[in-house]
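As structure tokens, the structure follows; a few thoughts come after it.
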Amino acid sequence: MSEHDTTSDDYRAGYLAGYTDRQGEVDRLENDADRFYRAAYGEERRIPGHYVTRAELEQEAIAD
635 MSEHDTTSDD YRAGYLAGYT DRQGEVDRLE NDADRFYRAA YGEERRIPGH
685 YVTRAELEQE AIAD
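Here the working numbering is used: the first residue of the sequence shown is 635, the next is one more, and so on.
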């Protein structure tokens, strides 16, 4: 993975114009967050339980 100079004006202008993808940067930050969470709590990060998917809502509607 190539590292970008995210502080350069050219990179920022390209990102705003849609020429640059920052997915690599997001993935790296996600990996860092997972690593720090494991180090702090000794377990994997989880999606908070208060999120409900559309499928779960539909199942509840059918059950009622």
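Cβ atoms here follow ideal geometry from the backbone N, Cα and C, with glycine treated the same way. Values in this document were obtained by computation on a predicted structure and should not be read as measured data.
Mind checking which residues open and close the alpha helix (DSSP H) that includes residue i?
i	result
R672	Q657 to Y675
Does residue i come out as helix, strand or coil in the three-state DSSP assignment?
i	result
H688	Here residue 688 is Arg; the residue named in the question, His, does not match the sequence. Three-state DSSP puts R688 in a helix.
E694	helix
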